[in-house]
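Numbering (my numbering), first residue to last: 5 to 326.
Written out as C-alpha cells, the structure is:
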C-alpha cells in the first residue's frame, strides 16, 4: 500500500461525552466519557492505517501534554513527525446525545510563532526530498491554530506540491477559501462550506453539482462534497458521481468527514474504479456515525453496508475514466 503523511496543524485531545439529552443550566449525568488524542489529520491517519497504509503524522503538538498522543501513535503504529512547541495542546469537548445531536466546544489551540512555522515547513520539505521518507500523498486536515494564517496554509500546500506531491485538504472558513486558491489536488468541503465558497445556497442536488463543477474547474482535481444523509458528490476527470449512504442510526457524526477523506484517498491511490472508490468511502463514513470514532473497515457487516450504498453517475461531461 501507499506511504501517506497527514498534517494536523491544530490537533486536540477530544473529551467525548455521551448522555441522553443535554439540558442547559442544570447538572447533567453522563453515560460515558473518553479522552482521545485527536485532530482531523490524526483521525484520517487512523483510518488509513486500518486500510493497510504506512502513515506518518505531523503538525504542531504542545510539549507539555503530548503523552496521550505519543501513546496513541504507538498504538496506531504510525510515525510521529510532529513538531513540539511550548504549551499544551487544546482539549475539545464533544457532547453526543441520543438523538444524534453533537455539541462541540472547541478551544482555539496553541499559539504558534513564525519560527515554528518555518521549522515545520523545513521539516516537511526535507521529508519530501528523502526517498526513504517521501510520501505518496499528503493530507492536511483541520483548523488553523493562533499564529498560523490562511496564507501560511497556502504556502504549505504550494511547497509540498512543488515537490510533486498530491495534497488533499479538509478545512473550513477563510483557510478553505485560501487553500482552494493554492489549487491542492483535492478538497472535501461539506455543503455549508461549499456554499460559503460558492456564494449561494446549495439546498438541492443540482445546486451542489453546479458548485462542485465550479470547484473542479477552479483547478481542484478531486472535488469531494459531503452532504450528510443526502450523500457524497465527487467531481473529477472521472466524471460526476453521487453516492447515497444506507440509513443509519446516528450516534455521533464526529469523525465521519475524516473517514470519508481517508476512504476517498485510499480508493484513488489504489486505482479503484470510480464507482467502487466512492462506494467504499461513503459506506465507511456511514459506518462511523453509529459509534464514537472513525469508520472501521473490519466491521462484520461492512460488505453489506457497501452493497447498500448506491452510486450513480450524474453525467459524462467531466471527463473519462482513467
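In this text, a Cβ means the ideal position worked out from N, Cα and C, and glycines have one as well.
Bear in mind the structure is a predicted one, so any value in this text is a computation, not a measurement.
With distances taken between CB atoms, is the gap from residue i to residue j smaller than 8 Å?
| i | j | result |
| --- | --- | --- |
| residue 124 | residue 87 | yes |
| residue 13 | residue 149 | yes |
| residue 279 | residue 315 | yes |
| residue 39 | residue 17 | yes |
| residue 184 | residue 201 | yes |
| residue 101 | residue 26 | yes |
| residue 217 | residue 229 | no |
| residue 175 | residue 153 | no |
| residue 145 | residue 19 | no |
Which value, in whole angstroms, describes the spacing of the CA atoms of residue i and residue j?
| i | j | result |
| --- | --- | --- |
| residue 306 | residue 284 | 9 Å |
| residue 193 | residue 79 | 30 Å |
| residue 223 | residue 262 | 22 Å |
| residue 244 | residue 66 | 42 Å |
| residue 69 | residue 105 | 30 Å |
| residue 138 | residue 268 | 21 Å |
| residue 295 | residue 62 | 26 Å |
| residue 56 | residue 270 | 9 Å |
| residue 324 | residue 225 | Here residue 324 scores only 39 on pLDDT, less than 50, and its place in the model should not be relied on; the value that follows carries that caveat. Taking the straight line from one Cα to the other gives about 13 Å. |
| residue 50 | residue 273 | 17 Å |
| residue 111 | residue 81 | 28 Å |
| residue 318 | residue 64 | 40 Å |
| residue 41 | residue 73 | 5 Å |
| residue 9 | residue 206 | 32 Å |
If you drop the 5 nearest sequence neighbours on each side, which residues of the same chain put their C-beta closer than 6 Å to that of residue i?
| i | result |
| --- | --- |
| residue 84 | 77 |
| residue 140 | 6 and 7 |
| residue 21 | 34, 37 and 99 |
| residue 165 | 171 |
Beta-carbon within less than 7 Å of residue i's beta-carbon, same chain only, minus the 5 sequence neighbours each way: which residues are those?
| i | result |
| --- | --- |
| residue 259 | 47, 292, 297 and 298 |
| residue 32 | 23 and 26 |
Hey, residue i and residue j are a contact pair by Cβ (cut 8 Å); roughly how many whole angstroms apart?
| i | j | result |
| --- | --- | --- |
| residue 11 | residue 45 | 5 Å |
| residue 179 | residue 157 | 5 Å |
Nearest chain B C-beta to residue i closer than 8 Å, yes or no?
| i | result |
| --- | --- |
| residue 67 | Considering every chain present, this structure includes no chain B. It has just one protein chain. |
Helix, strand or coil for residue i, going by three-state DSSP, please let me know.
| i | result |
| --- | --- |
| residue 314 | strand |
| residue 229 | strand |
| residue 63 | strand |
| residue 303 | coil |
| residue 105 | coil |
| residue 127 | helix |
| residue 248 | strand |
| residue 40 | strand |
Quick one: residues in its chain with C-beta nearer than 8 Å to the C-beta of residue i, no 5 flanking neighbours on either side, listed in chain order?
| i | result |
| --- | --- |
| residue 326 | Because residue 326 carries a pLDDT of 39, less than 50, the predicted location of this residue cannot be relied on, and the following value inherits that uncertainty. Contacts found: 241, 242 and 275. |
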